[in-house]
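>
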Amino acid sequence: MSIKNAFSRLGITGRKVQRGEIYLIADDLIVLPETRLPSKPGRELHENRPVLILQTNLDNDDPLYLTILAASLSHRVDLQDQRDFKLSAGQAGLEHDSIVQLGLTQPVLKIDLQGEALGKVDDITMNDIDAVLAANLGLIERPR
Numbered sequence: 057m058s059i060k061n062a063f064s065r066l067g068i069t070g071r072k073v074q075r076g077e078i079y080l081i082a083d084d085l086i087v088l089p090e091t092r093l094p095s096k097p098g099r100e101l102h103e104n105r106p107v108l109i110l111q112t113n114l115d116n117d118d119p120l121y122l123t124i125l126a127a128s129l130s131h132r133v134d135l136q137d138q139r140d141f142k143l144s145a146g147q148a149g150l151e152h153d154s155i156v157q158l159g160l161t162q163p164v165l166k167i168d169l170q171g172e173a174l175g176k177v178d179d180i181t182m183n184d185i186d187a188v189l190a191a192n193l194g195l196i197e198r199p200r
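Residue numbers 57 to 200, in my numbering, belong to the letters of the sequence shown in order.
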C-alpha cells in the first residue's frame with residue numbers, strides 16, 4: 057500500500073481548504089435540530105447540503121488536522137434568526153438566497169467535503185459573518 061493510500065484511509069488527504077469557501081457535504085452528516093420547523097416535525101434530508109468553512113487557514117492547511125469548523129446553509133430564508141447570516145443568490149456560487157446557520161456551527165471531516173468549492177465568500181462579507189459569530193459567542197454585544 058502506498059503512503060498516499062494509507063494516509064487517505066486515515067482521512068489525511070492533504071486537501072487545501074480555505075476559510076470562506078462553500079462546499080457540499082452529505083446532508084446526513086450535518087446535525088440540525090428539528091425545532092427550526094415548528095409546524096413540521098422531523099427534518100427533510102437532502103442528498104447534499106452546502107457548508108461554509110469558518111476555520112482559520114492555519115488549521116485548514118495542516119494535513120494532520122482532520123476536522124474543520126463549518127456552518128450549514130439553508131435556502132429556507134424564512135427561518136432566519138439573529139444567529140444566522142443571509143447570502144444572496146449569486147454570492148459564492150450559490151443558486152438560491154440562503155442563510156448561513158452560524159448558531160449551528162459544527163466540526164466536519166475534511167474528507168467528507170465533496171469535490172471542489174462551489175465558491176468563496178468575499179472578505180467584506182466574511183467580516184460581517186465574523187461579527188455575527190462573535191455575537192453568538194458573546195465576544196461582542198449583539199446589535200439590536
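A virtual CB, placed ideally from N, CA and C, is assigned to each residue, including glycine. Please read all numbers here as calculations on a predicted model, not as lab measurements.
1. Using DSSP with H/G/I as helix, E/B as strand and the rest coil, what is G171?
2. Please state whether the Cβ-Cβ distance between N104 and I78 is less than 8 Å.
3. From A191, A190, Q170 and L150, pick the residue whose C-alpha is nearest to that of D178; which is it?
4. Whose C-beta lies closer than 8 Å to the C-beta of L88 among residues of the same chain, with five residues either side of it excluded?
5. Cβ of A126 versus every heavy atom of the ligand GTP: is any distance shorter than 7 Å?
6. From G241 to L110, what distance separates their C-alpha atoms?
7. Rank Q147, L114 and I155 by C-alpha distance to the C-alpha of R123 and give the top, closest one.
8. Would you kindly work out how many angstroms separate the C-alpha atoms of V133 and A187, rounded to a whole number?
9. Classify L80 as helix, strand or coil using the three-state DSSP reduction.
10. For V188, report the span of its alpha helix (DSSP H) as first-last.
11. Hey, how far is the Cα of K229 from the Cα of Q162?
12. Give me the Cα-Cα distance between K72 and L135, rounded to the nearest whole angstrom.
Looking at the atomic coordinates:
1. Counting from 1 along the sequence shown, the entry for residue 171 is found at position 115. Strand at G171.
2. For the purposes of this step, residue 104 is taken as residue 48 along the sequence shown, with counting starting at 1. For the purposes of this step, residue 78 is taken as residue 22 along the sequence shown, with counting starting at 1. Going by C-beta atoms, N104 is not nearer than 8 Å to I78.
3. Position 122 of the sequence shown, counting from 1, holds the residue named residue 178. Answer by Cα proximity: L150.
4. Taking the first residue of the sequence shown as position 1, residue 88 is located at position 32. If we look at L88 and ignore the five residues flanking it on each side, its Cβ neighbours are R99, S128, Q157 and L160.
5. You won't find the ligand GTP in this model; it holds no ligand whatsoever.
6. Given that the chain is displayed from residue 57 to residue 200, the structure contains no residue 241 and the question cannot be resolved.
7. For the purposes of this step, residue 123 is taken as the residue at position 67 of the sequence shown. For the sequence presented, residue 123 should be read as Thr rather than Arg. The candidate whose alpha carbon is nearest that of T123 is L114.
8. Taking the first residue of the sequence shown as position 1, residue 133 is located at position 77. Taking the first residue of the sequence shown as position 1, residue 187 is located at position 131. Each residue's alpha carbon lies about 19 Å from the other.
9. Here the question's residue 80 lines up with position 24 in the sequence shown. In this structure, L80 counts as strand in the three-state DSSP scheme.
10. The residue you call residue 188 lines up with position 132 of the sequence shown. Per DSSP, V188 belongs to the alpha helix (DSSP H) from D179 to N192.
11. Examination of residue 229 is not possible in this model, given that the chain is present from 57 through 200 alone.
12. Taking the sequence shown and counting its residues from 1, one reaches residue 72 at position 16. Taking the sequence shown and counting its residues from 1, one reaches residue 135 at position 79. Between K72 and L135, the C-alpha separation is close to 32 Å.
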